[in-house]
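Under the working numbering, read the sequence shown as residues 1 to 214, first letter to last. Glycine included, every Cβ here is placed at the ideal spot set by N, Cα and C. I have placed the structure first, in the form of structure tokens, so that the comments after it can refer back to it.
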Amino acid sequence: MILNTEGVSLSLPSQASATLGTLLRLREQLQLVRRGKEILEMKRDQLIREIYRLLDEIKRRSELDEEFTALYSRMKEAYMVRGPDEISSYSRAVSKPSFRVLYESLMGVRIPHIDILKEPDLDKITDPALRELAKELWELMKKTIAIGSKEMAVENLSHELAYINRVVNSLEKNIIPQLQENIRYIEVRIQEITLSEFVRIKKIRDLLHKRRGI
1 MILNTEGVSL
11 SLPSQASATL
21 GTLLRLREQL
31 QLVRRGKEIL
41 EMKRDQLIRE
51 IYRLLDEIKR
61 RSELDEEFTA
71 LYSRMKEAYM
81 VRGPDEISSY
91 SRAVSKPSFR
101 VLYESLMGVR
111 IPHIDILKEP
121 DLDKITDPAL
131 RELAKELWEL
141 MKKTIAIGSK
151 EMAVENLSHE
161 LAYINRVVNS
171 LEKNIIPQLQ
181 ENIRYIEVRI
191 QEITLSEFVR
201 IKKIRDLLHK
211 RRGI
């Protein structure tokens, strides 16, 4: 019989293969499966702790939203005072930032990370008030990028956590009970075979004794 679960494939013996070798192999397999389950549970606990840690940091997004709202109000006021032409002129003078997406492994999970290769040259904005607004906006954008990376990390870690939960649940509800059932069956069959063999040998021995008596 073949038992399958997501990420787990286990071959179980038919009831006909009730041998000592099969029993030893199944006991070893059960031990390995239990050890694998323990390792998965340890990883699951680590994932949960890491997800909660990241979620705690992501809570700052609401603070950033408030900062963006306040900054937007000031930028809107500056736009109205200076006019679209002056604002556009400063915007064209500033070089655009450049980014790249890197991937790192966190507990075996591929996590995207946004790396800033080049920051905008905000010193080209000669108006001190506008330059200060632009710098504040860029700092908020960097914080938002960092929060976004953490949100992607939480999403990927959550997918891994869900997968591990499915595997652990399958091990608990299907694989381990089936192995235990097969082990019990083979133990009983070996006892029956041993007893049957003992009775057969005893009958042969009794028959030989009778013949010698004749």
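Own chain partners of residue i with C-beta closer than 6 Å, once the 5 adjacent residues on each side are dropped
i           : result
residue 57  : 150
residue 163 : none
residue 17  : none
Reduced DSSP secondary structure (H/G/I, E/B, other) of residue i
i           : result
residue 219 : Any property of residue 219 remains undetermined from this structure, which presents the chain solely from 1 to 214.
residue 111 : strand
residue 100 : strand
residue 149 : helix
residue 95  : coil
residue 17  : coil
Own chain partners of residue i with C-beta closer than 8 Å, once the 5 adjacent residues on each side are dropped
i           : result
residue 34  : 176
residue 157 : 47, 50, 51, 54, 106, 107, 109 and 111
Cβ neighbour criterion (16 or more within 10 Å) applied to residue i
i           : result
residue 170 : buried
residue 24  : exposed
residue 2   : Note that residue 2 scores 39 on pLDDT, short of 50, meaning its location in the model is unreliable and no value can be drawn from it.
residue 93  : exposed
residue 26  : buried
residue 102 : exposed
Beta-carbon contacts of residue i that lie in its chain and below 7 Å, excluding the five residues immediately before and after
i           : result
residue 140 : 64, 67, 68 and 71
residue 194 : none
Check whether residue i and residue j have beta carbons under 7 Å apart
i           : j           : result
residue 119 : residue 97  : yes
residue 121 : residue 95  : yes
residue 100 : residue 115 : yes
residue 188 : residue 40  : no
residue 145 : residue 61  : no
residue 179 : residue 20  : no
Closer than 6 Å: residue i CB and nearest the ligand COA heavy atom
i          : result
residue 26 : The model depicted lacks the ligand COA and carries no ligand whatsoever.
Requested in this report: Check whether the region 80–93 touches the region 190–205, counting contact only when three or more Cβ pairs, one atom from each stretch, lie closer than 8 Å.
Outcome: no
Report task. Count the CB pairs spanning the region 105–112 and the region 129–137 that are closer than 8 Å, and state whether there are at least three. Result -> no
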